[in-house]
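Below is one structure; the comments refer to it alone.
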Amino acid sequence: ASDVYKRQGLLLPKSPAYCLENHTEELARRNLRWYRGHISEAALTAEIEEKKFIIARNRKISEQGMWNSVKLLFSSIYVRPLLLVYSIVILRQFAGIYSIVSFTVEIFNSLHLQMNSYVASILIASVQLVSQLLSSSVADKYGRKRFIMVSTVLCAVGQLSFGTYNYLLSRPELEERMKDLSILSLFCLILLKFAWGLGLYNVHYSVSLEVLPSKIWTQATALMGLINCASCFFVVDYYHDMRDSSLGIH
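For the sequence shown, the working numbering gives the first residue as 432, with consecutive numbering after it.
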């Protein structure tokens with residue numbers, strides 16, 4: 432795989448941003464046209480100007496030094512949007528989606544699903560892919576806020592349904608009957624993954640683009656990525672402890 436990446440890197444033209452920083456605008460325009468294919472001159476010029484603005488902004492920030500960039504990031508005028516974005520990053524974890532992604536096969540095996548667990552895992556992953564493509568293509572037309580609200584409500588329904596099924600499965604007097612209805616657990620997770628892909632999967636990036644100013648966006652999103660990875664690690668690492676606790680998987 433690494434050899435393929437190396438060969439690909441040698442064959443591809445240099446990125447337009449790199450050309451603007453180190454070479455000429457003419458080379459940047461030529462390479463950008465190669466990457467974009469059929470693009471009008473006006474659109475090409477607009478994108479070049481946007482990249483030049485970003486490069487100039489990043490240079491100005493780097494000239495200020497790391498300490499000044501940190502002070503700017505945590506200045507009082509940006510506290511509210513930062514808290515909003517970072518709280519969304521953490522609250523997303525309550526959907527439990529990363530535990531499901533990490534232990535899908537194990538979860539289906541424990542539910543005695545009357546279907547190959549690997550096939551079921553591929554199925555729900557495919558459903559999420561479809562919903563993400565649907566969201567990215569029509570969300571701007573119908574309103575991203577609407578998609579996020581629908582995504583949140585459907586995720587709650589999927590979680591409630593899945594939790595209810597697992598609670599009933601844990602009852603000795605209902606265990607055998609619920610095993611015969613194990614396909615319901617698959618439908619619950621399909622609904623949850625579909626709903627997640629509609630809006631919650633990238634809500635933190637969407638909101639950050641709306642509420643964070645461009646001068647701190649790079650640093651803020653870097654910290655957002657760190658918080659997201661740390662919270663994902665915590666949820667996945669403690670999945671078995673939570674499952675084996677008195678609360679159970681439900």
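We put the beta carbon where it would ideally sit given N, CA and C, even for glycine.
Beta carbon of G589 nearer than 8 Å to that of L623 = Cβ distance < 8 Å, so G589 and L623 count as in contact.
Residue span of the alpha helix (DSSP H) that contains D672, given as start and end = The continuous alpha helix (DSSP H) containing D672 extends over residues 670-674.
In chain order, what residues of the same chain have a beta carbon less than 6 Å from the beta carbon of M673, not counting five sequence neighbours either side?
-> Cβ neighbours of M673 beyond the five flanking positions: none.
Cα-Cα separation between I555 and V638, rounded to whole angstroms | Those two C-alpha atoms are separated by around 26 Å.
CB contact flag (S698, L544, <8 Å) = Since the first residue shown for the chain is 432 and the last is 681, residue 698 is missing from the structure and cannot be characterised.
What residue range is occupied by the uninterrupted alpha helix (DSSP H) comprising H635?
-> It spans 634-642 - the alpha helix (DSSP H) in which H635 sits, taken as one unbroken run.
For Y549, which residues of its own chain have a beta-carbon under 7 Å away from its beta-carbon, when the five flanking residues on both sides are left out?
-> Its chain contains V536 as the residues whose beta carbon lies nearer than 7 Å to that of Y549, once the 5 sequence neighbours on both sides are disregarded; these appear in chain order.
Spatially closest choice to Y449 from A626, C660, K483, by CA coordinates | Out of A626, C660, K483, K483 has the C-alpha closest to the C-alpha of Y449.
What is the rounded straight-line gap between the Cα of Q559 and the Cα of I519?
-> Within the model, the alpha-carbon separation for Q559 versus I519 is close to 20 Å.
Leaving out the 5 sequence neighbours to the left and right, which residues in its chain are closer than 6 Å to L620 when beta-carbon positions are compared?
-> Cβ neighbours of L620 beyond the five flanking positions: I555.
Taking C-alpha atoms, which residue in L565, L591, S592 lies nearest to I709?
-> With the chain running from 432 to 681 in the structure shown, residue 709 is simply not present.
Following the continuous alpha helix (DSSP H) through R467, name the residue where it begins and the one where it ends.
-> DSSP places R467 inside the alpha helix (DSSP H), whose first and last residues are 456-467.
Other residues of its chain near V435: CB distance less than 8 Å, five sequence neighbours each side excluded = Residue confidence is low: V435 scores 48 on pLDDT, short of 50, so the model does not pin down where it sits. No coordinate-derived value is stated.
Answer with buried or exposed for N659, where buried requires no fewer than 16 other C-beta atoms within 10 angstroms of its C-beta.
-> Buried is the label assigned to N659, since at least 16 other Cβ atoms lie within 10 Å of its Cβ.
Taking C-alpha atoms, which residue in I531, G574, S568 lies nearest to I553?
-> Ranking the options by Cα distance to I553, first place goes to I531.
Measure the C-alpha to C-alpha separation of G594 and S562 and round it to an integer number of angstroms.
-> Linking G594 to S562 through their CA atoms gives a straight-line distance of about 22 Å.
Considering only residues of the same chain and omitting the five flanking positions on each side of V581, which have a CB-CB separation below 8 Å?
-> Apart from the 5 residues on each side of it in sequence, V581 sits with its Cβ closer than 8 Å to the Cβ of A626, L629, G630 in its chain, given in chain order.
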